[in-house]
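Enquirer: I'd like to ask some things about the structure below.
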Amino acid sequence: MTIIAAADGSALGNPGPAGWAWYVDDECWAAGGWAESTNNRGELTAVLELLRATARTGEDLLVQADSQYVINSVTKWMKGWKRRGWRKADGRPVLNDDLMKEIDRELAGRDVRFEWVRGHIGHPMNEAADDRARAAAIAFQHGSAVPDGPGWTR
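This note's numbering numbers the first residue of the sequence shown as 5 and each following residue consecutively.
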């Protein structure tokens, strides 16, 4: 069986209050964030936290994301970055390499596929993840409790 989940990030300003979320359904999701971060870090953290949450399931995972940065990083660029010591082709350091390295470790030995979905067009799972990531960012912006979700419930 394959787990299908959406992952998304949100930043109110870039940088600014930021959030991340992954979503399977209304009973299985998680979110969090920071007082200040970037949208890309939110997007990457959503994927990382989803990988961690599903690590012991033994099931394949399909990650739906609206971030081509995340998808290209993991499916196209990461192999070359690793070969070059986490440097890009131009020799500069990879941005967000701390998260990239953790994602790489979490992917090891797993069957994980990534699918790009266009954001903000009504894709139900992407919208649900986006709503939760944005709610986390807003909570940080207002200094209120972050709606962090039930987590992995399967």
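Even glycine gets a Cβ: it sits at the ideal position worked out from N, Cα and C. For clarity, every value in this text was computed on a predicted model and none was experimentally measured.
1) Count Cβ pairs between the region 11 to 20 and the region 132 to 145 that sit closer than 8 angstroms; are there 3 or more?
2) Quick check: residue 56 and residue 22, are their CB atoms within less than 8 angstroms of each other?
3) Helix or strand or just coil, what does DSSP make of residue 6?
4) In terms of residue numbering, what span does the alpha helix (DSSP H) encompassing residue 101 cover?
5) Roughly how many whole angstroms lie between the Cα atoms of residue 93 and residue 31?
6) Quick check on the DSSP output: the alpha helix (DSSP H) that includes residue 117 runs from which residue to which?
7) Just to confirm before moving on: does the CB-CB distance between residue 116 and residue 67 stay below 8 angstroms?
8) Given that a residue counts as buried once 16 or more other Cβ atoms are within 10 Å of its Cβ, and exposed if not, what is residue 75?
9) For residue 77 and residue 113, I'd like the C-alpha separation in whole angstroms.
10) In the DSSP assignment, what are the bridge partners of residue 14?
11) Once you ignore the five residues that flank residue 176 on each side, which residues in its own chain have a CB closer than 7 angstroms to its CB?
12) Grab me the residues of residue 127's own chain with a C-beta within less than 7 angstroms of its C-beta, minus the 5 sequence neighbours each way, in chain order.
13) If residue 12 and residue 69 are in contact, beta carbons under 8 angstroms, what's the gap, nearest whole angstrom?
Expert: Quick look at the numbers:
1) Flag = yes, the region 11 to 20 and the region 132 to 145 touch.
2) Cβ atoms of residue 56 and residue 22: not closer than 8 angstroms.
3) Three-state result, residue 6: strand.
4) Run containing residue 101: 101 to 111, per the alpha helix (DSSP H) assignment.
5) A straight-line Cα-Cα distance of about 42 angstroms links residue 93 and residue 31.
6) According to the DSSP assignment, residue 117 belongs to no alpha helix (DSSP H) but to the beta strand (DSSP E) extending over 116 to 120.
7) Going by C-beta atoms, residue 116 is nearer than 8 angstroms to residue 67.
8) Under the 10 Å beta carbon count, residue 75 is surrounded by 16 or more other beta carbons and is classified as buried.
9) When rounded, the distance between both Cα atoms is 18 angstroms.
10) According to DSSP, which records beta bridges pairwise, residue 14 is partnered with 23.
11) Since the first residue of the chain shown is 5 and the last is 158, residue 176 is not available in this structure.
12) Annotation for residue 127: 121 place their beta carbon closer than 7 angstroms to its own, counting only its chain and skipping 5 residues before and after.
13) Yes, they are in contact, since the Cβ atoms of residue 12 and residue 69 sit about 7 angstroms apart, within 8 angstroms.
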